[in-house]
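Presented below is the structure to which this report refers.
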């Protein structure tokens with residue numbers, strides 16, 4: 001009985017640990033995506049800035 005109980009507890013803990021790691025990975029991936037989006041926004045703003053400079057100099 002005790003062995004079965006510890007097995008159930010251990011497997012639950014193990015599954016919780018796996019789920020927590022999955023959540024951590026998801027959060028890291030989301031951070032990466034957010035960083036990429038921010039970089040893209042900055043690139044677009046910079047290109048727009050360069051275009052306005054170019055057209056204003058004409």
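Numbering (UniProt numbering), first residue to last: 1 to 58.
Note that beta-carbon positions come from the ideal geometry of N, C-alpha and C, so glycine has one too.
How many angstroms separate the CA atom of residue i from the CA atom of residue j?
{"i": "residue 19", "j": "residue 44", "result": "37 Å"}
{"i": "residue 46", "j": "residue 25", "result": "31 Å"}
{"i": "residue 28", "j": "residue 38", "result": "15 Å"}
{"i": "residue 21", "j": "residue 11", "result": "15 Å"}
{"i": "residue 23", "j": "residue 33", "result": "15 Å"}
In chain order, what residues of the same chain have a beta carbon less than 8 Å from the beta carbon of residue i, not counting five sequence neighbours either side?
{"i": "residue 31", "result": "none"}
Starting from the C-beta of residue i, find all residues in its chain whose C-beta is less than 6 Å away, skip the five residues before and the five after it, and write them out in chain order.
{"i": "residue 52", "result": "none"}
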